[in-house]
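Q:
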Amino acid sequence: MVIPLILCGGGGTRLWPLSRPECPKPFLPLLDNELTLFQQTLQRAAVFAPPLVICHAAHLPFVQQQSKAISIAPRAIILEPQSRGTAAAMAVACLYLKSTFEDATLLTLPADLVIHSHEAFKAAVDLALPYSGKSRYITFGIQPTRAEPRFGYIETADQIEENVLETKRFTEKPSLEIAEKWMAAQKYFWNSGMFLMPLQKVLSDLHSSQNILMQACFQSLQNSQNVDNVIWLDETNFSQAPRLSLEKALMEQADQGIMIRANFDWNDAGTWRALWELQANNPDDNVCHGAARVQNSTGCYIRATTKRISVLGCNDLVIIETEDEVFVTTKQAADDAGIFAKE
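Reading the sequence shown from the start, the letters are residues 1 to 343 in my numbering.
#1: Please say whether GLY85 and SER245 have beta carbons closer to each other than 7 Å?
#2: Using CA atoms only, rank isn't needed, just tell me which of GLN295, LEU275 and ALA185 is closest to LEU18.
#3: Output the boundary residues of the alpha helix (DSSP H) element that contains LEU129.
#4: Quick test of your reading: ASN286 and ILE302, contact by CB under 8 Å. State the CB separation rounded to the nearest angstrom.
#5: Give me whichever residues DSSP pairs with GLY270 in a beta bridge.
#6: Between the alpha carbons of GLY284 and GLN295, how many angstroms are there, rounded?
#7: Nearest-angstrom Cα distance between ILE142 and GLN43?
#8: With ASN211 and PHE151 assumed to form a contact (beta carbons below 8 Å), what rounded beta-carbon distance in angstroms separates them?
#9: On a Cα-Cα basis, can you pick out the residue from LEU7, GLY11, ALA69 and LEU107 that is closest to ALA345?
#10: Could you check what DSSP says for TYR96 in three-state terms: helix, strand or coil?
#11: Going along the chain, which unbroken runs of the beta strand (DSSP E) with 3 or more residues stay wholly within the region 253-321?
#12: Measuring only the C-alpha atoms, how far is GLU177 from VAL202?
#13: Give the DSSP bridge partners of PRO4, in chain order.
#14: I'd like to confirm the pairing. Which residues does DSSP put opposite MET197 in its beta bridges?
#15: Residues in the same chain with beta-carbon distance under 8 Å from ASN263, minus the five sequence neighbours each way, listed in chain order, please.
#16: Could you tell me how far apart the beta carbons of ALA249 and CYS217 are, in whole angstroms, since I believe they sit closer than 8 Å?
#17: Out of ARG20, PHE238 and LEU5, which has the shortest C-alpha to C-alpha gap to ASP11?
#18: When the Cα atoms are used, what is the spatial distance from ASN229 to GLY270?
#19: By Cβ distance, which residues of its chain are closer than 6 Å to GLY299, with the 5 residues on each side in sequence left out?
#20: Is it a yes or a no for the region 170-190 touching the region 124-134, going by three-plus beta-carbon pairs under 8 Å?
#21: If you measure between the beta carbons of GLU325 and THR306, is that distance less than 7 Å?
#22: Rounded to the nearest angstrom, how far is the Cβ of ILE258 from that of GLU166, given a contact under 8 Å?
#23: Grouping DSSP H, G and I as helix and E and B as strand, with all else coil, what is LEU15?
#24: How long is the line joining the alpha carbons of TRP272 and CYS288, rounded to whole angstroms?
#25: Relative to the C-alpha of CYS55, which candidate in GLY193, THR171 and PHE38 has its C-alpha closest?
#26: VAL47 by DSSP, collapsed to three states: which one?
#27: For LYS173, which of helix, strand or coil comes out of DSSP?
#28: Taking 7 Å as the threshold (C-beta atoms), are LEU199 and ILE138 in contact?
#29: Report yes or no: is there a C-beta of chain C within less than 7 Å of the C-beta of ASP126?
#30: At which residues does the beta strand (DSSP E) containing ALA341 begin and terminate?
#31: Which residues in the same chain have their Cβ closer than 8 Å to the Cβ of LYS173, if we skip the five residues on either side of it in sequence?
#32: For PHE218, report the span of its alpha helix (DSSP H) as first-last.
#33: For ASP112, does the count of other Cβ atoms within 10 angstroms reach 16, so buried, or fall short, so exposed?
#34: Would ILE3 pass as a contact of LEU127 if the rule is Cβ separation under 7 Å?
#35: Does the distance from the C-beta atom of THR171 to that of LEU5 stay below 7 Å?
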């Protein structure tokens with residue numbers, strides 16, 4: 001049985017000032033005439049089974065309201081009192097599910113990705129499922145289109161069959177120089193952040209390699225409160241879990257992993273430049289949201305919330321207006337918008 005696990009921990013700080021801790025990227029309507037990224041992830045997940053959702057306690061209203069709006073009820077919602085990384089989220093999910101779904105395979109999905117081709121995504125998961133039954137970790141790799149130091153990378157080895165390869169190594173966010181070398185090598189793929197993992201293998205490997213994390217998550221779940229399938233984790237215990245990514249805790253040490261080459265569109269929607277790339281499809285390559293008027297300008301991303309923005313004679317700018325901020329930068333520099341989110 002496949003049980004989708006949706007992780008809503010991403011803060012989306014590079015999309016400041018629109019994405020804030022009180023309303024982060026997954027719960028924002030970032031694309032015109034589309035659902036939020038969380039709602040799109042719910043739709044992809046629900047094809048397999050009702051998903052288990054893990055989010056920060058402060059974001060429970062978003063999860064409940066946005067799930068209800070598209071008539072998809074989560075299996076349960078686990079509330080983190082603070083973020084401790086994706087490894088802790090996975091550990092809590094496995095501990096919660098193990099008594100009822102001992103033989104389950106978890107389809108782990110970040111809540112903040114843009115994937116429009118749902119059928120192609122399902123086909124990739126279906127291709128992966130027979131390998132998960134052999135107690136192997138499976139990830140979905142994206143063919144790089146540029147040297148991108150923001151992403152994790154997967155080094156592949158032998159091809160097993162078409163679009164199925166052995167994994168050799170996971171590496172988190174290399175330098176630009178290394179990313180350029182890997183781009184030329186043709187055997188490296190972007191890590192999509194999506195995994196298919198046998199529940200029992202995850203528990204066994206975490207117990208072996210991350211005992212402190214497992215103890216903290218177990219005690220936090222033991223002392224949690226469950227109200228109508230909303231599980232409030234105990235903060236005192238959960239705060240003791242080391243802050244680790246799933247890749248660091250498991251994938252970088254895993255043997256005999258499998259990568260499915262993704263034949264579906266994928267965008268992490270992680271920066272203003274990435275959102276511009278997703279939507280720039282008119283002759284002047286300007287993308288406008290809200291009240292904006294643009295003359296003699298090209299390649300701009302403009303988002304107005306409360307006021308009209310008028311742009312004249314500008315190229316490759318990002319201009320974001322919210323109730324309390326006006327942010328202006330170039331598309332190239334916009335990747336560093338998160339420096340203001342820390343202030």
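Where a beta carbon is used, it is the ideal one built from N, C-alpha and C, also for glycine.
A: Answer, in terms of the structure:
#1: Within the sequence shown, the letter at position 245 stands for residue 245. Within the sequence shown, the letter at position 85 stands for residue 85. Going by C-beta atoms, SER245 is nearer than 7 Å to GLY85.
#2: Walking along the sequence shown from the start, residue 18 turns up at place 18. Cα-wise, what sits closest to LEU18 is LEU275.
#3: Within the sequence shown, the letter at position 129 stands for residue 129. Note, LEU129: alpha helix (DSSP H), 118-132.
#4: On the sequence shown, residue 286 is found 286 positions in, with the first residue counted as 1. On the sequence shown, residue 302 is found 302 positions in, with the first residue counted as 1. Confirmed, about 7 Å.
#5: Here residue 270 refers to the residue found at position 270 of the sequence shown. DSSP lists no partner for GLY270.
#6: Counted from its first residue, the sequence shown places residue 284 at position 284. Counted from its first residue, the sequence shown places residue 295 at position 295. With the sequence shown as reference, residue 284 is identified as Asp, and Gly is not the correct amino acid for it. Rounded to whole angstroms, ASP284 to GLN295 spans 10 Å at the Cα level.
#7: Against the sequence shown, residue 142 aligns to sequence position 142. Against the sequence shown, residue 43 aligns to sequence position 43. Their backbone Cα atoms lie some 21 Å apart in a straight line.
#8: The count along the sequence shown starts at 1 and reaches residue 211 at position 211. The count along the sequence shown starts at 1 and reaches residue 151 at position 151. That pair is no contact at about 30 Å.
#9: Given a span of 1 to 343 for the chain in the structure shown, any question on residue 345 remains unanswerable.
#10: Here residue 96 refers to the residue found at position 96 when the sequence shown is read from its first residue. Helix, per DSSP.
#11: 258-261, 287-289, 292-295, 301-304, 309-312 and 317-321
#12: Against the sequence shown, residue 177 aligns to sequence position 177. Against the sequence shown, residue 202 aligns to sequence position 202. Roughly 34 Å separates the two Cα atoms.
#13: The sequence position of residue 4 within the sequence shown is 4, counting from 1. Per DSSP, LEU107.
#14: If you number the sequence shown from 1, residue 197 lands on position 197. Answer by DSSP bridge pairing, in chain order: LEU106.
#15: Against the sequence shown, residue 263 aligns to sequence position 263. Within the same chain, ASN263 has close Cβ partners ALA120, ALA123, ALA124 and ASN163.
#16: Here residue 249 refers to the residue found at position 249 of the sequence shown. Here residue 217 refers to the residue found at position 217 of the sequence shown. Not quite, the Cβ-Cβ distance comes to about 11 Å (not below 8 Å), so this is no contact.
#17: One-based indexing of the sequence shown puts residue 11 at position 11. According to the sequence as given, residue 11 is Gly; it is not Asp. The candidate whose alpha carbon is nearest that of GLY11 is ARG20.
#18: Walking along the sequence shown from the start, residue 229 turns up at place 229. Walking along the sequence shown from the start, residue 270 turns up at place 270. Cα to Cα, ASN229 sits roughly 31 Å from GLY270.
#19: Within the sequence shown, numbered from 1, the residue matching residue 299 stands at position 299. Taken in chain order, the residues that qualify are ASP285, ASN315 and ASP316.
#20: no
#21: The sequence position of residue 325 within the sequence shown is 325, counting from 1. The sequence position of residue 306 within the sequence shown is 306, counting from 1. No, the pair does not count as a contact, with Cβ atoms beyond the cut-off.
#22: The residue labelled residue 258 in the question sits at position 258 within the sequence shown. The residue labelled residue 166 in the question sits at position 166 within the sequence shown. That pair is a contact at about 7 Å.
#23: Along the sequence shown, read from residue 1 onward, the residue named residue 15 stands at position 15. Residue state, collapsed to three classes: helix.
#24: For the purposes of this step, residue 272 is taken as the residue at position 272 of the sequence shown. For the purposes of this step, residue 288 is taken as the residue at position 288 of the sequence shown. Approximately 12 Å between the Cα atoms of the pair.
#25: Locating residue 55 in the sequence shown gives position 55, where the first residue counts as 1. When each option's Cα is compared against that of CYS55, the closest is PHE38.
#26: For the purposes of this step, residue 47 is taken as the residue at position 47 of the sequence shown. Coil.
#27: In the sequence shown, the residue the question calls residue 173 occupies position 173. Correct three-state label for LYS173: coil.
#28: On the sequence shown, residue 138 is found 138 positions in, with the first residue counted as 1. On the sequence shown, residue 199 is found 199 positions in, with the first residue counted as 1. Cβ distance not < 7 Å, so ILE138 and LEU199 don't count as in contact.
#29: Protein chains in the displayed structure number just one, and chain C is not present.
#30: If you number the sequence shown from 1, residue 341 lands on position 341. Counting along the chain, ALA341 falls outside any beta strand (DSSP E), though it belongs to the alpha helix (DSSP H) covering 338-341.
#31: Within the sequence shown, residue 173 is the residue found at index 173, counting from 1. Cβ neighbours of LYS173 beyond the five flanking positions: PRO149, ARG150, PHE151 and GLY152.
#32: Your numbering for residue 218 matches position 218 in the sequence shown. Run containing PHE218: 211-222, per the alpha helix (DSSP H) assignment.
#33: Position 112 of the sequence shown, counted from the first residue, corresponds to residue 112. It is buried - the Cβ of ASP112 has at least 16 other Cβ atoms within 10 Å.
#34: Residue numbering aside, residue 3 sits at position 3 when the sequence shown is read from its first letter. Residue numbering aside, residue 127 sits at position 127 when the sequence shown is read from its first letter. Not in contact: ILE3 and LEU127 (Cβ atoms no closer than 7 Å).
#35: Here residue 171 refers to the residue found at position 171 when the sequence shown is read from its first residue. Here residue 5 refers to the residue found at position 5 when the sequence shown is read from its first residue. Their beta carbons are not under 7 Å apart, which means THR171 does not touch LEU5 by this criterion.
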